[in-house]
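Student: Take this structure, written in structure tokens, and hold onto it; I'll ask about it next.
Numbering (the numbering used here), first residue to last: 234 to 395.
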């Protein structure tokens, strides 16, 4: 189902999680261990993982080094194409406006995410990129896949820093 009017379909997932989301959650844990906000992203084409990444903003001193951006860039490089229209992005947190715009620009087929981000999200919250008239591509969006595990990782990370 395509995201419309700022809402994404919500999945009620029983374990085991789809393997790309399981891998994204593992990457999020790795990011937390490095002191990065625990977000992981995986790009798949069919059943194959094409690229994966964890947040790397602090370690790289790059404010655009969100897991989604790194994974999208890596997938485009690996596939030799700027259009990833046969690919799905799996990410542990609702993408921000920058990352949602990158998904649209890459013409990705689908977006799957775990936890919603009421403060910084750009899909079902905030800018709601895919509902804007200037957005020329709207992927199929499904949220809530692994939501509890992702939210717990994020809560624990930020509680440690308070």
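The beta-carbon is built from N, C-alpha and C at its ideal position, and this holds for glycine as well. If you're wondering where the values come from, they're calculated on a predicted model, not measured in any experiment.
DSSP three-state call for residue 352: helix, strand or coil?
Tutor: Residue 352: coil per DSSP, three-state reduction.
Student: Thinking C-alpha only, which one of 259, 283, 372 is nearest residue 328?
Tutor: Ranking the options by Cα distance to residue 328, first place goes to 372.
Student: Where residue 389 and residue 351 are concerned, what is the direct C-alpha to C-alpha distance, given to the nearest angstrom?
Tutor: Each residue's alpha carbon lies about 17 angstroms from the other.
Student: Can you give the beta carbon distance from residue 317 to residue 339, rounded, assuming they're within the 8 angstroms contact cut?
Tutor: That belief holds up - the Cβ atoms of residue 317 and residue 339 are roughly 4 angstroms apart, short of 8 angstroms.
Student: Per DSSP, what kind of secondary structure is residue 298 in: helix, strand or coil?
Tutor: The answer is coil: DSSP assigns residue 298 none of H, G, I, E or B.
Student: Using only alpha-carbon positions, find the residue among 272, 267, 297, 291 that is nearest to residue 384.
Tutor: For the residues 272, 267, 297, 291, the minimum Cα distance to residue 384 belongs to 272.
Student: Name the residue from 370, 369, 365, 332 whose alpha carbon lies nearest to the alpha carbon of residue 354.
Tutor: Cα-wise, what sits closest to residue 354 is 332.
Student: Here's the rule I'm using: 16 or more other beta-carbon atoms within 10 Å means buried, otherwise exposed. How should residue 235 be labelled?
Tutor: Interpretation of residue 235 is limited by its pLDDT of 40, a score under 50 that renders its predicted location unreliable; the figure taken from the coordinates is listed afterwards. Exposed is the call here.
Student: Expressed to the nearest angstrom, what Euclidean distance is found between the alpha-carbon atoms of residue 230 and residue 299?
Tutor: Here the chain has residues from 234 to 395 only, and residue 230 is not among them.
Student: In the DSSP assignment, find the unbroken beta strand (DSSP E) run with residue 375 in it and report its ends.
Tutor: Note, residue 375: beta strand (DSSP E), 373 to 376.
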